[in-house]
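Presented below is the structure to which this report refers.
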Amino acid sequence: MPVLAQQLIDASHDGDLAFMAFAFMCFVFVGLLFAIDKVRRRSGGGR
């Protein structure tokens, strides 16, 4: 049976790279939340 989900970064070997990737994804997620909120407020949806 083929494995569908594979790890892109193995934290047991590349711990620094895994942490940097996780931190980058967190910053992107928070940035998207702020951007979406800004667009929503600008369109008049946030009262």
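Position 34 (the sequence shown) corresponds to 190 in the numbering used here; numbering is contiguous.
Glycine residues also receive a C-beta, built at the ideal position from the N, C-alpha and C atoms.
(message) Could you give the first and the last residue of the continuous alpha helix (DSSP H) run that contains ALA179?
(response) Taken as a continuous stretch (DSSP letters only), the alpha helix (DSSP H) holding ALA179 covers 171-198.
(message) To the nearest angstrom, how far is the alpha carbon of LEU173 from that of GLY187?
(response) 21 Å
(message) Which same chain residues end up closer than 7 Å to PHE185 when comparing Cβ atoms and leaving out the 5 residues on each side of it in sequence?
(response) none
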